[in-house]
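Numbers in our numbering are just positions in the sequence shown, counted from 1, shifted up by 1. Worksheet: the structure to be examined is printed underneath.
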Amino acid sequence: MNNSELVKLALEARKLAYSPYSGFSVGAALLCTDGMVYKGCNIENSAFSPTNCAERTAFFKAVSEGKRDFVKIAVVGGESDSEITQNYCPPCGMCRQVMKEFCSADFEIIMAKNENDYRIKTLAELLPESFDKREV
Ligand code: THU
């Protein structure tokens, strides 16, 4: 699975976002070492706090199906009324911490506008000096 293919799946996932409160739709596609891909979208809630980000939706789907080994994730996000995502969408701090729980420092986060325009950072770059009880 190359980066462009994974971004396409994230764009597909974004179409299912439930984001009536923010009007911002996010999609993610998470590649496991076994080749399986889990897609996720953001799911908002009128009480706000129960909102789940696209990345965590993808992770929780994968982990709840027994997956623990991950290679990379593609993330796309933008205004819900547009199919085109204008900017790169970096994962929020909470999602980075969830990635930290299951991924190594070299796990790749692909922040994409579309399948031809994306930038890649490792988890270590996006979450330096992070907390992990297993390491302290
Ligand atoms: N959102 C994500 O799905 N992923 C992120 O990493 C950043 C934010 C969602 C949460 C909320 O539904 C909307 O984007 C606006 O913040």
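For each residue, glycine too, the CB sits at the ideal point set by N, CA and C.
Beta-carbon within less than 7 Å of residue i's beta-carbon, same chain only, minus the 5 sequence neighbours each way: which residues are those?
{"i": "ARG120", "result": "TYR89, MET112"}
{"i": "ASN53", "result": "ASN43, ILE44"}
{"i": "CYS96", "result": "CYS54, GLU56, ARG57"}
Tell me whether residue i, by its Cβ, gets closer than 7 Å to a heavy atom of the ligand THU.
{"i": "VAL27", "result": "yes"}
{"i": "ASN43", "result": "yes"}
{"i": "GLU56", "result": "yes"}
{"i": "THR173", "result": "A question about residue 173 goes unanswered here, because the residues of the chain that appear run from 2 up to 137."}
{"i": "PRO92", "result": "yes"}
{"i": "SER20", "result": "yes"}
{"i": "CYS47", "result": "Note that residue 47 corresponds to Ser in the displayed sequence, not to Cys. Outside the cutoff, so no."}
{"i": "CYS96", "result": "yes"}
Within a Cβ cutoff of 6 Å, which residues of the same chain sit near residue i, ignoring the five residues on either side of it in sequence?
{"i": "GLU81", "result": "With the sequence shown as reference, residue 81 is identified as Ser, and Glu is not the correct amino acid for it. Cβ within range, chain order: SER20, GLY24, SER26."}
{"i": "MET2", "result": "LEU32"}
{"i": "TYR39", "result": "LEU31, ALA59, LYS62, ALA63"}
{"i": "ASN4", "result": "ILE111"}
Using beta-carbon positions only, say whether residue i and residue j come within less than 8 Å of one another.
{"i": "ALA30", "j": "LEU17", "result": "no"}
{"i": "PRO92", "j": "VAL76", "result": "yes"}
{"i": "GLU126", "j": "VAL8", "result": "no"}
Using the Cα positions of residue i and residue j, report the straight-line distance between them to the nearest angstrom.
{"i": "ILE74", "j": "GLY94", "result": "15 Å"}
{"i": "SER50", "j": "MET37", "result": "30 Å"}
{"i": "GLU84", "j": "VAL137", "result": "44 Å"}
{"i": "VAL87", "j": "LYS114", "result": "Note on identity: in this sequence residue 87 is Gln, with Val being the wrong assignment. Distance between the alpha carbons of GLN87 and LYS114: 6 Å."}
{"i": "ASP118", "j": "GLU66", "result": "31 Å"}
{"i": "GLU13", "j": "ASP133", "result": "33 Å"}
Under 8 Å Cβ to Cβ from residue i, same chain only, skipping five residues before and after it: list those, please.
{"i": "PHE108", "result": "PHE71, VAL72, LYS73, ILE74, MET100, THR123, LEU124"}
{"i": "LYS68", "result": "CYS33, ASP35, MET37, TYR39"}
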